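Comments concern the structure below.
There are 2 protein chains.
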Amino acid sequence: MGGIREQKKQQTRRAIETAAIDLFSRKGFDATSMDDIASAAGVGKATIYGYFPAKDDIFLHYCDDRLVTAFNQFKEQQSADISFVEYLIAFFMIKFASITENREFGRLLLREMLFPREATDKVRDHNQRYFDILEGVFSVAEKRGEILPDLDHFMLSGHFFSLYVGLLAGWYGCYFNQLEEVEQNMRTLFEQVCHGIKP
Amino acid sequence: MGGIREQKKQQTRRAIETAAIDLFSRKGFDATSMDDIASAAGVGKATIYGYFPAKDDIFLHYCDDRLVTAFNQFKEQQSADISFVEYLIAFFMIKFASITENREFGRLLLREMLFPREATDKVRDHNQRYFDILEGVFSVAEKRGEILPDLDHFMLSGHFFSLYVGLLAGWYGCYFNQLEEVEQNMRTLFEQVCHGIKP
DNA sequence: AGGTAAACTCGACTCAGTTCGAGATTTATC
DNA sequence: GATAAATCTCGAACTGAGTCGAGTTTACCT
């Protein structure tokens, strides 16, 4: 039934996640020990492992949630009356801002999602969310005549996604530091894809 | 001068690197402990830290070397009489094959190089090697009239580099498993950049 | 040759993530 | 309501990366 146990579990889980994210944000991921998290959350260290398989997973889970939230907000507020390029820029910039809001979180998330130890469902689902959206965008763009009719939408999604990843790598390599720069470069790159670079 | 000491150092260093790479290859990176490496190399654990700042650096150094070697081979055997697209494909495929030869090594190298803890000189140098070459390619292509004359070569380099990184991420996410597939997709993506996707 | 300083080596230690297993708490069964 | 079964909890132990500092070797100088 309802269950005292179930209720307590949710509570404990939330306490651990909250404590962990708070500490990670304030002290950094590496500087926060599992003992720190345990005492902040008021549980034993081993208890944490009943809820999260590893230290990484605590905030990976959290990051993923935040990314989904950011995207849902975006979907609501986004008008459909703009060119697909503007739409893509808005879409990727939301993601970009969300993922780099905390530099360290973003770095760890990207490492795990783009170059995973093994291709788990978690990773595939995460990526699939992007691709579903992007393929939708290109279907619309095709109907509107904004792009050539015989293009592979999966390939196109991969193309724009790659550029987004490249910009993230540029960010983490300190090739740029301002979101404005990122957007400017993103626009240039996207235009390049649109118009081609050959005479 | 010449030095018994210097000679021994080189010998020790090589012993450590050889033992480490051998163990990493056979047992995997995580499953190999520093103690394992130390006893295989016939030195004390702490000695390793006199040669390499951390476990990662042992094979990061090795990977980087291999990448440089692969590139030098490439430069020698590559004809200049092919289109810049074919040149880029050959270039990136060499890199791709070299970096994914050992799946785990490549993964760790990419994580470290693309999303580094902090942008160290090592990382910048590593990336700069790519960009120098790419910018050179585009200069030639521009002179030959293969690309439009007013393009930013740095941006172009970033564009193709991003596509390469995207393909790597696809590889690690198991979207493809054969080098032939990678090359095929790479060609499609590169053609997309050349001709544009707009009507 | 002998002495000294610098460089090298490594056993022992610390520190943090993860696992174990025994005891406590809740739920299910009769 | 008692008892068994399942689940949850956490102190203690384990593991492996990285550090420390004392002991050893080598290079250089006079």
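Here the protein sequences line up with chains C and X, keeping their order. When we follow the UniProt record's numbering, the leftmost residue of the first sequence carries the number 1, and every step to the right adds one. When we follow the UniProt record's numbering, the leftmost residue of the second sequence carries the number 1, and every step to the right adds one. Beta carbons are placed, not taken as given, at the ideal position from N, Cα and C, and that holds for glycine. In this text, all values refer to a predicted model and were calculated from it rather than measured experimentally.
Mapping DSSP to helix, strand and coil, what is residue i?
i: K9/X; result: helix
i: D152/X; result: coil
i: Q77/X; result: helix
i: F105/C; result: helix
i: D64/C; result: helix
i: F29/X; result: coil
i: N127/C; result: helix
i: G166/C; result: helix
i: I99/X; result: helix
i: Y51/X; result: helix
i: Q178/C; result: coil
i: I16/X; result: helix
i: K198/C; result: coil
i: T69/X; result: helix
i: T120/X; result: coil
i: E191/X; result: helix
i: R111/C; result: helix
i: R144/X; result: coil
i: I37/C; result: helix
i: I82/C; result: coil
i: V137/C; result: helix
i: M1/X; result: Note that M1/X scores 44 on pLDDT, short of 50, meaning its location in the model is unreliable; the coordinates nonetheless yield the value given after this. Of the three classes helix, strand and coil, the one that applies to M1/X here is coil, per DSSP.
i: G158/C; result: helix
Examine the ligand FMN and report whether any of its heavy atoms sits within less than 8 Å of the Cβ of residue i.
i: F92/C; result: You won't find the ligand FMN in this model; it holds no ligand whatsoever.
Assuming residue i and residue j form a contact by the criterion Cβ under 8 Å, report the distance between their Cβ atoms to the nearest whole angstrom.
i: I94/C; j: L110/C; result: Incorrect: roughly 16 Å between the Cβ atoms, too far for contact.
i: Y172/C; j: R107/C; result: 6 Å
i: E104/X; j: F29/X; result: 6 Å
i: F92/X; j: M186/X; result: 6 Å
i: V193/C; j: V193/X; result: 6 Å
i: V182/C; j: F84/C; result: No, V182/C and F84/C are not in contact; Cβ-Cβ is about 19 Å, not under 8 Å.
i: E191/C; j: S157/C; result: No, E191/C and S157/C are not in contact; Cβ-Cβ is about 18 Å, not under 8 Å.
i: N102/X; j: S25/X; result: 7 Å
Can you say whether residue i is buried or exposed, counting buried as having 16 or more other CB atoms within 10 angstroms of its CB?
i: I4/C; result: exposed
i: N177/X; result: exposed
i: E76/X; result: exposed
i: Q21/X; result: Note on identity: in this sequence residue 21/X is Ile, with Gln being the wrong assignment. Buried, because 16 or more other Cβ atoms sit within 10 Å of the Cβ of I21/X.
i: Q10/C; result: exposed
i: C63/X; result: buried
i: E37/X; result: A small fix is needed here, since residue 37/X is Ile in this sequence, not Glu. That one is buried.
i: E112/X; result: buried
i: A41/C; result: buried
i: L179/C; result: exposed
i: M1/C; result: Summary for M1/C: the model assigns pLDDT 45, below 50, so the residue's position carries little reliability, and this model does not support an answer.
Mind pulling the chain X residues with CB within less than 8 Å of residue i?
i: K122/C; result: Near K122/C there are no residues of chain X at all, since even the closest Cβ is about 11 Å away, more than 8 Å.
i: residue 206/C; result: The requested residue 206/C is not part of the displayed model; chain C covers only 1 to 199.
Name the chain X residues whose beta carbon is nearer than 9 Å to that of residue i?
i: Q192/C; result: L151, M155, L156, H159, V193, G196
i: G42/C; result: In chain order: nothing, as chain X lies at least about 31 Å away.
In chain X, which residues lie with their C-beta within 7 Å of the C-beta of residue i?
i: C174/C; result: A119
i: R107/C; result: F115
Residues of chain C with CB under 9 Å from residue i, in chain order?
i: P53/X; result: What P53/X touches in chain C: nothing, since even the nearest Cβ is about 16 Å away.
Which chain C residues are close to residue i, counting only those with a beta carbon under 8 Å from its beta carbon?
i: T169/X; result: Note that residue 169/X is Ala in the sequence shown, not Thr. The answer, in chain order, is L114, F115, S162, V165.
i: N127/X; result: G173
Mind listing the chain C neighbours of residue i? Cutoff is C-beta to C-beta under 7 Å, in chain order.
i: R111/X; result: R111, F115
Inset, instruction - Check whether the region 26-42 of chain C touches the region 69-87 of chain C, taking contact to mean three or more Cβ pairs, one atom from each stretch, closer than 8 Å. - result: Contact between the region 26-42 of chain C and the region 69-87 of chain C is absent, because fewer than three Cβ pairs lie under 8 Å.
Inset, instruction - May I ask you to verify whether the region 43-59 of chain X touches the region 113-121 of chain X, counting CB pairs closer than 8 Å and requiring at least 3? - result: Touching, no.
Legend entry - contact_flag[the region 160-169 of chain C, the region 159-167 of chain X] where n(CB pairs < 8 Å) is 3 or more: In this structure the region 160-169 of chain C touches the region 159-167 of chain X; the number of beta carbon pairs closer than 8 Å is three or more.
Legend entry - the region 147-158 of chain C contacting the region 140-151 of chain X, beta-carbon criterion three pairs below 8 Å: At 8 Å Cβ cutoff, the stretches do not touch.
Legend entry - contact_flag[the region 4-19 of chain C, the region 42-57 of chain C] where n(CB pairs < 8 Å) is 3 or more: Below 8 Å, enough C-beta pairs join the region 4-19 of chain C and the region 42-57 of chain C to call them touching: three or more.
Legend entry - Stretch pair the region 123-143 of chain X + the region 189-198 of chain X: three plus CB contacts closer than 8 Å: As far as the Cβ criterion goes, the region 123-143 of chain X does not touch the region 189-198 of chain X, which means the pair count is below three.
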